[in-house]
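In short: position in the sequence shown from 1, add 292, done, that's this note's numbering.
Here is the structure we will look at.
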Amino acid sequence: MDIKLIGNGYGWDIGLDEKNLSTDPGLETAVVISLFTDRRAESDDTLPDWSGDRRGWWADAYSEYENDRIGSRLWLLAREKTLPSVLERAKEYARESLAWMIEDGLASEITIDAEKGRNDILGLSIDIVKPSGELVNFTYQDIWESMTHV
């Protein structure tokens, strides 16, 4: 079980039940962390701000599992236009960030759709089939807004 993250329209807050932390018995917190934290850019990725900062979570350097990394490379698309090629990269980055769920047995199948919303906003829809066969869906209408506060 994870601590529950609750979208507040400006990002994410830790959920509280009276005086205690809320817990998430499902997969939403895991999906939010996987999608909306910054995975380290690959050496051949073009950085959106040309700063040279490849970001990433510091603890990835100390993982006991080779190539086990937290987050997604969706942040690399922050200055891109919502072209078909960018939608494909968004799907690829989302798939990459959620692959651990299949590897760890939390999901048997993950389907991702990226779409261009009004005002060129990038949205993601994710269907996860749990090993029990239960289907859960997570939809993020504006991934840039979701990414700004994780």
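Virtual Cβ for every residue (Gly too), placed ideally from N, Cα, C.
Assign residue i to one of two classes, buried (16 or more other C-beta atoms within 10 Å of its C-beta) or exposed (fewer than that).
i: residue 297; result: buried
i: residue 330; result: buried
i: residue 425; result: exposed
i: residue 431; result: exposed
i: residue 386; result: buried
i: residue 327; result: buried
i: residue 364; result: buried
i: residue 321; result: buried
DSSP three-state label for residue i, please.
i: residue 311; result: coil
i: residue 265; result: In the structure displayed, the chain extends from 293 to 442; residue 265 sits before or after that span and is not available.
i: residue 375; result: coil
i: residue 398; result: coil
i: residue 364; result: strand
i: residue 357; result: coil
i: residue 427; result: strand
For my contact list, residue i and residue j are in at a C-beta cut-off of 8 angstroms; report their separation, rounded to the angstrom.
i: residue 374; j: residue 414; result: 6 angstroms
i: residue 376; j: residue 400; result: Not really, about 29 angstroms apart at Cβ, beyond 8 angstroms.
i: residue 390; j: residue 382; result: With a Cβ gap of about 12 angstroms, residue 390 and residue 382 do not count as contacting.
CA-CA distance, residue i and residue j?
i: residue 433; j: residue 410; result: 10 angstroms
i: residue 265; j: residue 366; result: Outside the shown range of the chain (293 to 442) lies residue 265, about which nothing can therefore be said.
i: residue 444; j: residue 378; result: Only positions 293 to 442 of the chain appear in the structure, and residue 444 is not among them; the question remains open.
i: residue 388; j: residue 372; result: 19 angstroms
i: residue 417; j: residue 332; result: 23 angstroms
i: residue 343; j: residue 335; result: 13 angstroms
i: residue 421; j: residue 309; result: 28 angstroms
i: residue 428; j: residue 352; result: 28 angstroms
i: residue 323; j: residue 350; result: 20 angstroms
Can you tell me where the beta strand (DSSP E) holding residue i begins and where it ends?
i: residue 321; result: First-last for residue 321: 320-328, but that is the alpha helix (DSSP H), not the beta strand (DSSP E).
i: residue 420; result: 414-421
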